[in-house]
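Numbering (our numbering), first residue to last: 15 to 169.
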């Protein structure tokens with residue numbers, strides 16, 4: 015794809031193009047739709063580079079220093095510094111999305127843990143799943159937390 019300087023694009027046209035792009039991304043409803051869209055849009059290298067920036071942002075927000083991040087990910091100091099700069103003075107995209115990602119990762123861990131418990135034969139979790147009517151009252155009051163995925167990630 016040929017490159018065009020951003021400064022040479024009419025600001026109104028640039029706004030319209032970006033609005034269409036953001037709208038298209040917002041209209042994607044499932045994880046598979048988002049994955050397929052970005053697979054078509056980005057090269058494998060570009061996808062990895064974006065994912066690494068998210069990992070750097072997560073590590074910065076968790077309190078890790080530049081050296082530790084560079085050592086773990088093998089990224090350069092300029093990449094870590096630019097992500098840190100975006101975290102500090104950007105539009106709040108990283109800061110708003112990272113907590114949601116952390117919450118989703120925690121939810122997935124709980125789901126995996128629950129599935130592991132339910133796979134052990136004759137355990138209480140296995141018995142509850144196998145014979146739900148026998149544990150109806152217990153199941154009604156135990157709750158077990160909300161392990162359903164958010165609307166956009168549902169399958």
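Ideal Cβ placement from N, Cα and C applies to all residues, glycine included.
Asked, Found
"Spatial distance of residue 75 from residue 98 (CA atoms)", "9 Å"
"Segment contact flag, the segment 86-98 with the segment 61-78, C-beta cutoff 8 Å, min 3 pairs", "yes"
"Nearest neighbour of residue 125, chosen from 135, 139, 32 [CA to CA]", "139"
"Residue 155 Cβ short of 6 Å to the ligand GDP heavy atom set", "In the structure on display, the ligand GDP does not appear, and there are no ligands present to speak of."
"4 or more residues per run - each alpha helix (DSSP H) lying fully within the segment 16-98", "25-41, 45-55, 58-75, 80-87"
"Nearest-angstrom Cβ-Cβ length linking residue 108 and residue 91, presumed shorter than 8 Å", "Contact flag wrong, Cβ pair sits at about 18 Å."
"Beta carbon of residue 112 nearer than 7 Å to that of residue 72", "yes"
"Length of the line joining the Cα atoms of residue 82 and residue 102", "19 Å"
"Distance, residue 132 Cα to residue 63 Cα", "37 Å"
"Proximity of residue 41 and residue 51 at Cβ, strictly below 7 Å", "no"
"Residue range of the unbroken alpha helix (DSSP H) whose run includes residue 113", "107-133"
"Where residue 89 falls, given that 16 or more other Cβ within 10 Å makes a residue buried", "buried"
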